[in-house]
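Quick note on numbering: the sequence shown equals residues 1 to 605 in the UniProt record's numbering.
Some notes on the structure that comes next.
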Amino acid sequence: MAGQIPEELIDDIRKANDIVDVVGEYVKLKKQGRNYFGLCPFHGEKTPSFSVTQEKQIFHCFGCGKGGNAVTFLMEVEGFSFYQAIQHLAEKSGHVLPENQLQQTNQLNNMDQASLKAYEWLTKFYHHVLRHTKEGKEAYAYLQKRGFSEEMLETFQIGYSPQSTDIVTQFLEKKGFHLQQMVSAGLLSANEQNQITDRFRGRVVFPIRTHLGKTVGFGGRTISGQEPKYLNSPESSLFHKGKLLYNFDLARSEIRKKAQAILFEGYMDVISAHQAGIRNGVASLGTSVTEQQASLLKRYAESVVICYDGDRAGIEASYKAAKLFKQTGCNVMIASIPEGLDPDAYLKKYGAQKFKHEVMEASNTYMTFLMEYYKKDYNLQLEGDRIQYMNKVIAELTLLDRPMEQEHYAKELAKTFDLSLSTILEEIHIKRKKLGRKQDKADSISHTKKIEPVKRSKKLLPAYHNAEKQLIAYMLYDATIAEKVRNELGALFNVDHHKIIVTHLYAYYEDGFDSNISHFIERISDETIKNEIIQIAMEPIQPEISDKEIQDYIRIIQTEQGDKAIIRDLRLKQKQAEMNKDYVLAAQIGMEIVEILKRLKNASH
């Protein structure tokens, strides 16, 4: 599997990258006992069942069954090949791969490789034009007037695309790019006369990066009244607006640290907030926030503050976003910006401190926002509208699982409309009953606060099955134990998966490798077998085990094999007796088989 990358180098790269750090960039982990737990990135869940073991350098999800090491985790979560995962880890730890191997690590098609390179060059080019040419002076003055510092221009690599129709195309041609390919990839535009130009001419340009920091698109803002005001790169194999979040690469560590993300509407808001010291802000790319974006933030943050424009359109967008994030299980807060301002304008007018204290810290809870939002649809001076409004709010309260929250907002509703609290709580109870929702202590626990690893319900396994699993767990832990088992038992295990696992394990140790579960599973191509190994490796074992205990496991396994052989022989004799029409003998043999099966069943419990 290692190909031309020396095995020693791969081992060094693997050792230099702790799985807790690697996984921690994608999943918010909390330590519980010896392991770390978080929400599984491979399937939707509200209670953490995803476990990472630092000692063994492996992960396992008790919910969906996926498992692996740092390399296979990156292959799953990023869609990397083995070589791409190794290259990514090498870059993180400062290791350099052989030159002849770098081509193999990049499995993007030629068009995407060229596009990524072109985006990289254009990012530098646009930024250079803004900072160091007379064509960029107007745009530079505009950004200065907007209050953006030199540091922000550098941090976000903001640039400017000159008005000239051919300067960008000439630049790309000189760098060896095929212009028609660049049109197909969405970097350039072609009109009806097939004249190829830069789509961002005359615009301030904001590079849009993946979470790995690679530019895959641009956002352009007009400074001369062009329509539309904002323009994004078109959708392509690299650029998916609904999956990307602006500034996520820079904000990710701060989001994880604070367990909170702030969602803005635009680039300017994010940059102004960043300049004001708010480093956990991101923005959707000119569209409503999507399920993919909400799920992405949920992996890193327990709560999301929606900080959209204070005008009517912004409030409507806040409502849609709040509903979506609530569905993902996030704690949702909604910032209210007065005077119909956007965050950027508010920051310019009132400054960072007022924004932090009077906007961010004063954010409304999800229910407070909804109760205020729904008022716009009703004339509360009219009795009929008041009743409709109360029904609307009670329907929302019904969906809250925490009794304390329900009662808090029910009190507010009762106070506002001069009703008794018991009446509103009774309405909630009736509606919950109709929806089939229970009201108990379990509902009152927020899943974001309590970590309980979820284990799949397991049927009771026979004694020999458990003995084989425990024995393999020790064999994975200690090569000398594996050698003892090999000499006495070989691959004569009863469970087919276990036979395959020990065969691979014997070969692994025979190749001279030390006990290392994380390394061993890289040699397993079958996902089912790999996940079975991870599951067994997660079994608790004692660091010291006596020879007697090992022998006990072997004896249980061999006993099962012996009984199976006896049953096979008896069934052959029974069949022969039936063929000879000796039905009395066939019945006696049948009774003997039943007795053995009964004994085996009792022994397994």
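Note that the Cβ used here is the ideal one computed from N, Cα and C, for glycine as well.
Tell me, please, which residues DSSP counts as bridged to residue i.
{"i": "Val485", "result": "DSSP, once it has assigned bridges, lists no residue as partnering Val485."}
{"i": "Ile196", "result": "Ala190"}
{"i": "Gln260", "result": "Ser303"}
{"i": "Val204", "result": "Tyr160, Arg221"}
{"i": "Leu74", "result": "Partner(s): none; Leu74 has no beta bridge."}
{"i": "Phe37", "result": "Lys30, Ser51"}
Please report the residue range of the beta strand (DSSP E) in which residue i lies.
{"i": "residue 607", "result": "Absent from the structure is residue 607, since the part of the chain shown begins at 1 and ends at 605."}
{"i": "Ile334", "result": "331–334"}
{"i": "Val282", "result": "281–283"}
Can you tell which of the options has the C-alpha that lies nearest to the C-alpha of residue i?
{"i": "His178", "options": "Met579, Leu399, Lys117", "result": "Lys117"}
{"i": "Ile554", "options": "Asn487, Glu522, Ala507, Met579", "result": "Asn487"}
{"i": "Pro462", "options": "Gly176, Phe325, Leu597", "result": "Leu597"}
{"i": "Leu492", "options": "Lys375, Glu560, Lys298, Ile593", "result": "Glu560"}
{"i": "Glu522", "options": "Glu510, Leu505, Met538", "result": "Leu505"}
{"i": "Asp18", "options": "Lys46, Arg146, Leu74", "result": "Leu74"}
{"i": "His132", "options": "Lys145, Gly147, Pro162, Tyr119", "result": "Pro162"}
{"i": "Ile394", "options": "Trp121, Tyr267, Lys431", "result": "Lys431"}
{"i": "Gln57", "options": "Lys581, Phe513, Met538", "result": "Met538"}
{"i": "Glu7", "options": "Phe42, Pro98, Glu383", "result": "Pro98"}
{"i": "Tyr36", "options": "Phe42, His43, Gln54, Glu45", "result": "Gln54"}
By DSSP, does residue i sit in helix, in strand, or in coil?
{"i": "Ala276", "result": "coil"}
{"i": "Lys455", "result": "Note that Lys455 has pLDDT 48, beneath the 50 cutoff, so the model's placement of it is unreliable and the number below is only indicative. Here Lys455 sits in coil by DSSP."}
{"i": "Phe59", "result": "strand"}
{"i": "Leu245", "result": "coil"}
{"i": "Leu231", "result": "strand"}
{"i": "Arg571", "result": "helix"}
{"i": "residue 608", "result": "Residue 608 falls outside the range modelled here, since the chain spans only 1 to 605, and no answer is possible."}
{"i": "Val183", "result": "helix"}
{"i": "Thr215", "result": "strand"}
{"i": "Gly590", "result": "helix"}
{"i": "Arg209", "result": "strand"}
{"i": "Gly68", "result": "strand"}
{"i": "Asn516", "result": "coil"}
{"i": "Lys349", "result": "helix"}
{"i": "Phe417", "result": "helix"}
{"i": "Glu544", "result": "coil"}
{"i": "His465", "result": "helix"}
{"i": "Thr290", "result": "coil"}
{"i": "His429", "result": "helix"}
{"i": "Leu341", "result": "coil"}
{"i": "Val96", "result": "coil"}
{"i": "Lys581", "result": "coil"}
{"i": "His178", "result": "coil"}
{"i": "Ser237", "result": "coil"}
For the alpha helix (DSSP H) that residue i lies in, which residues bound it at each end?
{"i": "Gln113", "result": "110–132"}
{"i": "Gly384", "result": "383–398"}
{"i": "residue 610", "result": "Given a span of 1 to 605 for the chain in the structure shown, any question on residue 610 remains unanswerable."}
{"i": "Met360", "result": "Here Met360 belongs to no alpha helix (DSSP H), and DSSP marks it neither H nor E."}
{"i": "Lys499", "result": "496–510"}
{"i": "Gln84", "result": "82–93"}
{"i": "Thr155", "result": "150–155"}
{"i": "Arg14", "result": "7–16"}
{"i": "Ile524", "result": "Per DSSP, Ile524 belongs to no alpha helix (DSSP H) and is neither H nor E."}
{"i": "Arg312", "result": "312–328"}
{"i": "Ala139", "result": "137–145"}
{"i": "Val370", "result": "Before going on, a small fix: residue 370 reads as Leu here, not Val. Taken as a continuous stretch (DSSP letters only), the alpha helix (DSSP H) holding Leu370 covers 366–373."}
In chain order, what residues of the same chain have a beta carbon less than 7 Å from the beta carbon of residue i, not counting five sequence neighbours either side?
{"i": "Ser149", "result": "Gln275"}
{"i": "Ala507", "result": "none"}
{"i": "Pro234", "result": "Gly186"}
{"i": "Arg456", "result": "Model confidence at Arg456 stands at a pLDDT of 49, short of 50, so the residue's coordinates are unreliable; what they give is reported in the following sentence. Phe62."}
{"i": "Val495", "result": "His465, Glu468"}
{"i": "Ile524", "result": "His504, Lys530, Ile533"}
{"i": "Gln292", "result": "Gly242, Lys243"}
{"i": "Lys573", "result": "Ile589"}
What does a CB cutoff of less than 8 Å around residue i pick up in its chain, not counting 5 residues either side in sequence?
{"i": "Asp269", "result": "Gly281, Ala283, Cys307, Asp342, Pro343, Asp344"}
{"i": "Met111", "result": "Gln181, Ser184, Ala185, Ser237"}
{"i": "Val594", "result": "none"}
{"i": "residue 610", "result": "There is simply no residue 610 to check, as the chain begins at 1 and stops at 605 in what is shown."}
{"i": "Ile86", "result": "Ile5, Ile10, Ile13, Val71, Leu97, Thr105"}
{"i": "Met360", "result": "Ile262, Ile278, Val305, Cys307, Ala335"}
Residues in the same chain with beta-carbon distance under 6 Å from residue i, minus the five sequence neighbours each way, listed in chain order, please.
{"i": "Ser444", "result": "Here the model assigns Ser444 a pLDDT of 37, short of 50, so the residue's position is not dependable, and the following value carries that caveat. Answer for Ser444: Arg402, Pro403, listed in chain order."}
{"i": "Arg209", "result": "Thr215, Asp249"}
{"i": "Ser272", "result": "Asp344, Leu347"}
{"i": "Ile481", "result": "Tyr474, Met475"}
When every heavy atom of the ligand FAD is checked, does at least one fall within less than 8 Å of the C-beta of residue i?
{"i": "Val393", "result": "This structure simply doesn't include the ligand FAD, nor any ligand for that matter."}
Cβ of residue i less than 9 Å from any chain D Cβ?
{"i": "Ala301", "result": "The structure shown contains no chain D, having only a single protein chain."}
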